[in-house]
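Asks:
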Amino acid sequence: MKVVIIGGGIIGAALAHNLLRAGADVTVIAVGIGATGASFGWINASFYLDAAHFRLRAAGLEAWRRLDVLVNWSGALCWEKTGAAFGDQYAALTALGYPVQIIDDVDFTALEPHVPAPTRALRFSAEGMIEPDRVARTLLTGARQISGVAAIGIATRAGHVTGVETAQGEIDADRVIVAAGCHSGDLLKTVGVRLPLIERPGILLRTHSVPPRLAHVLVTPEGEVRQDAAGHIWMPTAAQHQTDAGTTVEERPDILADRALVRLQGLLPNTPLKWEQVMLAQRPMPQDGHPVIGACGPEGLFVATMHSGVTLAAITAELLAPQILDSTLSNAQSDMVAPYSPERFQIAVM
0 MKVVIIGGGI IGAALAHNLL RAGADVTVIA VGIGATGASF GWINASFYLD
50 AAHFRLRAAG LEAWRRLDVL VNWSGALCWE KTGAAFGDQY AALTALGYPV
100 QIIDDVDFTA LEPHVPAPTR ALRFSAEGMI EPDRVARTLL TGARQISGVA
150 AIGIATRAGH VTGVETAQGE IDADRVIVAA GCHSGDLLKT VGVRLPLIER
200 PGILLRTHSV PPRLAHVLVT PEGEVRQDAA GHIWMPTAAQ HQTDAGTTVE
250 ERPDILADRA LVRLQGLLPN TPLKWEQVML AQRPMPQDGH PVIGACGPEG
300 LFVATMHSGV TLAAITAELL APQILDSTLS NAQSDMVAPY SPERFQIAVM
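Below you can see the structure in the form of structure tokens.
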């Protein structure tokens, strides 16, 4: 079976990996790596929209463990919320069965000696981090990759997809998956499928390399922070990045990076820092905030578009690849993916 995936970011890459393992002939078309290249890289289920979304994200962590590729299962320390909200977060996650514990300042210092200790923090031991662009490249190994070429439409005949249209010609396919991030809506529109997306820009800074200072993902009132294996420290310029609802960037990215660096320096007061790169990317956010995963429109067409693609890439591939290859999901898998069908947007455009 010839499968063409539009999008070479973390979602498209995970799908390519699973489809290749199942014996499909996979081609990936991508202009670039998109939002994946400016992703923070945190795998977590401690932030969620509702109970079903929590279950999907928690399953996402387990799917990454099964995938077993380049994940640092560092855990996370969180003191973003204070007062009653801190206790509410702990209670809610405990009720959901999520591994979480409250640690005091002494325990915190033992875990992160270079960071001024908060009075208390939540420890999420099951969480991890990846370098999204590196992992995407690894997962794409074995797939044919057509880079720097833009898909401009979906080719169909008699109600079935036949390929992907590009300015250079049509690429034949038996199945097409749209995993093109913010461009997914425009592509689906060419075959009468509606996918409303909201602009959600994200800006991420990366510091120069410093000696090892952080062992966990830190979720702080100043923002989310992590350090990679090369010593770079990463931080979104917006505090409370997980719930940032901004639709435009009103200031220059370098000014935002300067401001964020001041906050970051307060978390590492004894480590002089300077930022060396700031990245702006448009995060693909469906109108209702929830992932969009499933078949849509003409037979043989599928979509996988969402925010938090890093957390959800592995489970999305597990849930969607069998459908693409005409296999049957288990009842539990069907129940898990059902809320995220593109049908909820009344896809057919009359």
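Position 254 of the sequence shown, counted from 1, bears residue number 253 in numbering that gives the first Met the number 0, the numbering being contiguous throughout. Quick reminder that beta carbons are idealized off the backbone N, C-alpha and C, glycines included.
#1: With C-beta atoms as the reference, is Gly308 less than 9 Å away from Ile10?
#2: Thinking C-alpha only, which one of Phe85, Thr108, Leu121, Ala116 is nearest Pro98?
#3: Can you give me the start and stop residues for the alpha helix (DSSP H) that Ser183 sits inside?
#4: Near Phe133, which residues of its chain fall below 7 Å by C-beta distance, leaving aside the five closest residues on each side in sequence?
#5: Answer with buried or exposed for Gln276, where buried requires no fewer than 16 other C-beta atoms within 10 angstroms of its C-beta.
#6: Measuring only the C-alpha atoms, how far is Gln226 from Leu266?
#7: Determine whether the beta carbon atoms of Gln216 and Met128 lie at a separation below 9 Å.
#8: Cβ of Gly59 within 9 Å of Cβ of Thr310?
#9: Measuring straight from C-alpha to C-alpha, what distance separates Gly230 and Thr206?
#10: Between Gln332 and the rest of its own chain, which residues show a CB-CB distance below 7 Å, the 5 nearest in sequence each way excluded?
#11: With a CB to CB cut of under 6 Å and the five nearest residues on each side skipped, what residues in its chain are close to Leu300?
#12: Taking 8 Å as the threshold, find out whether the region 284-298 comes into contact with the region 189-203 through three or more Cβ pairs.
#13: Since Ser333 is in the beta strand (DSSP E), which residue starts that stretch and which ends it?
#14: Can you tell me whether DSSP reads Trp72 as helix, strand or coil?
#15: What is the DSSP secondary structure of Gln276, counted as helix, strand or coil?
#16: Could you tell me whether the Cβ atoms of Ser183 and Val30 are closer together than 9 Å?
#17: Taking the straight line between their C-alpha atoms, what separation do you get for Asp325 and Cys295?
#18: Going along the chain, which residues of its own chain have a beta-carbon closer than 6 Å to the beta-carbon of Pro341, five neighbours each way excluded?
#19: Is Pro211 helix, strand or coil by DSSP?
#20: Count the other CB atoms, across all protein chains shown, that sit within 10 Å of the CB of Asn43; report buried if there are 16 or more and exposed otherwise.
#21: Which residue from Met234, Ala280, Glu298 puts its Cα closest to that of Trp274?
#22: Can you say whether Val105 is buried or exposed, counting buried as having 16 or more other CB atoms within 10 angstroms of its CB?
#23: If Pro268 and Pro112 are in contact, beta carbons under 8 Å, what's the gap, nearest whole angstrom?
#24: Cα separation between Asn17 and Thr327?
#25: If you draw a straight line from the alpha carbon of Leu138 to that of Asp173, how long is it in whole angstroms?
#26: State yes or no: is the C-beta of Ala12 within less than 9 Å of the C-beta of Ala135?
#27: In this structure, does DSSP put Phe53 in helix, strand or coil?
#28: Taking 9 Å as the cut-off, decide whether the C-beta atoms of Ser38 and Ala280 are in contact.
#29: In three-state terms, what does DSSP make of Glu130?
Replies: Answer, in terms of the structure:
#1: Yes, the Cβ-Cβ distance between Gly308 and Ile10 is below 9 Å.
#2: Checking every option, the nearest Cα to that of Pro98 belongs to Leu121.
#3: It spans 183-188 - the alpha helix (DSSP H) in which Ser183 sits, taken as one unbroken run.
#4: Phe is not the amino acid found at residue 133; the sequence shown has Arg there. Hits under 7 Å: Leu69.
#5: Classification for Gln276: exposed.
#6: Approximately 13 Å between the Cα atoms of the pair.
#7: In the sequence under discussion, the amino acid at residue 216 is Val, which differs from the Gln named in the question. The Cβ-Cβ distance between Val216 and Met128 falls below 9 Å.
#8: Yes. Within cutoff.
#9: In this structure, the alpha-carbon of Gly230 lies about 9 Å from that of Thr206.
#10: Same-chain partners within the cutoff: Leu318.
#11: In its chain, beyond the 5 residues on either side, Val160, Val175 have a beta carbon closer than 6 Å to the beta carbon of Leu300.
#12: Touching, yes, given that three or more Cβ pairs across the two stretches are closer than 8 Å.
#13: First-last for Ser333: 330-336, but that is the alpha helix (DSSP H), not the beta strand (DSSP E).
#14: In this structure, DSSP gives Trp72 a state outside helix and strand, which the three-state scheme calls coil.
#15: Here Gln276 sits in strand by DSSP.
#16: At a Cβ-Cβ threshold of 9 Å, Ser183 and Val30 do not count as neighbours.
#17: Taking the CA atoms as reference points, Asp325 sits about 14 Å from Cys295.
#18: Closer than 6 Å at the Cβ level, and outside the excluded window around Pro341, lie Val291, Gly293, Cys295, Val302.
#19: Pro211 falls in the coil class under three-state DSSP.
#20: It counts as buried.
#21: That would be Met234, whose Cα lies nearest to the Cα of Trp274.
#22: Classification for Val105: exposed.
#23: That pair is no contact at about 12 Å.
#24: If I take the Cα positions, the gap works out to 15 Å.
#25: Their Cα atoms are separated by approximately 22 Å.
#26: Yes, they are a contact pair.
#27: Looking at Phe53 - three-state DSSP - the assignment turns out to be helix.
#28: A distance below 9 Å separates the beta carbons of Ser38 and Ala280.
#29: Coil at Glu130, not helix or strand.
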